[in-house]
């Protein structure tokens, strides 16, 4: 049996990724340790510092058994982050695109942002995920008959990862040097240092864009 790994302590830092990481660690810690629901918030207080701990002492400590883990995290978030933080994250979501990220990197970024803005439409998540993909990926997803209006977040991601893997495996073959079409008289055609490969433009670069209660 492996003992549950305690979370890294959290202070009042208004850092979205740090807060998101703490909530995941704390939730998993309680799950693996089979901590009773009415004791989870009190246990969490042992891993709080600064303003986060002060919020627990002032608002929760006297009746902590009545608080759920989710309610406490929501309240602590409001106490530690600026009032306009969620609206700032909404703006970041609008500007978040895959660009040069891998599928997993892009998904993690979206999940992190959605986790900080609260509950939003699952359909909205899927549409944003799709629209943020590179145009080539959108085309290939259409080729396998997927649709952002119909298919789930998980289904689209799984298919996108398979496409990405296939593209990576095919990439070395596309880079192999083609044999010269010229004769053997020493005057064969040369490309004068220019590449025969064309770089595909990333149509998303002009737009700019990391599992929410249960993740998108």
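Numbering (the UniProt record's numbering), first residue to last: 1 to 216.
Positions of the beta carbon are idealized from the N, C-alpha and C atoms, including for glycine.
Indicate whether residue i and residue j have their beta-carbon atoms separated by less than 9 angstroms.
| i | j | result |
| --- | --- | --- |
| residue 43 | residue 35 | yes |
| residue 12 | residue 50 | yes |
| residue 86 | residue 126 | no |
| residue 114 | residue 80 | no |
| residue 60 | residue 77 | no |
| residue 123 | residue 149 | yes |
| residue 58 | residue 99 | no |
| residue 66 | residue 38 | yes |
| residue 168 | residue 156 | no |
Please identify the residue among the options whose C-alpha is closest to the C-alpha of residue i.
| i | options | result |
| --- | --- | --- |
| residue 63 | 78, 81, 41 | 41 |
| residue 289 | 147, 152, 139, 84 | The structure shown has nothing for residue 289, since the chain only spans 1 to 216. |
| residue 111 | 75, 65, 154 | 154 |
| residue 26 | 9, 144, 16 | 9 |
| residue 90 | 55, 70, 120 | 120 |
| residue 129 | 76, 24, 106 | 106 |
| residue 162 | 141, 24, 84 | 141 |
| residue 33 | 7, 58, 18, 17 | 7 |
| residue 70 | 24, 14, 15 | 24 |
| residue 2 | 20, 31, 19 | 31 |
| residue 20 | 137, 101, 74 | 74 |
| residue 101 | 137, 172, 84, 88 | 137 |
Under three-state DSSP, which class holds residue i?
| i | result |
| --- | --- |
| residue 10 | strand |
| residue 135 | helix |
| residue 100 | coil |
| residue 82 | coil |
| residue 151 | coil |
| residue 3 | coil |
| residue 188 | Residue placement at residue 188 is flagged as unreliable, the pLDDT there being 43, under the threshold of 50; a coordinate-derived value is accordingly withheld. |
| residue 118 | coil |
| residue 146 | coil |
Report the CB separation of residue i from residue j in whole angstroms; it is logged as a contact under 8 angstroms.
| i | j | result |
| --- | --- | --- |
| residue 132 | residue 108 | With a Cβ gap of about 13 angstroms, residue 132 and residue 108 do not count as contacting. |
| residue 22 | residue 5 | No, residue 22 and residue 5 are not in contact; Cβ-Cβ is about 13 angstroms, not under 8 angstroms. |
| residue 103 | residue 160 | 5 angstroms |
| residue 170 | residue 82 | 46 angstroms between Cβ atoms; not a contact. |
Answer with yes or no whether the minimum CB distance from residue i to chain D is below 9 angstroms.
| i | result |
| --- | --- |
| residue 91 | The structure shown contains no chain D; it holds only a single protein chain. |
Q. Which parts of the segment 13-77 are runs of the alpha helix (DSSP H), unbroken and 4 residues or longer, counting only runs that do not cross its ends?
A. 16-32, 40-45, 50-59
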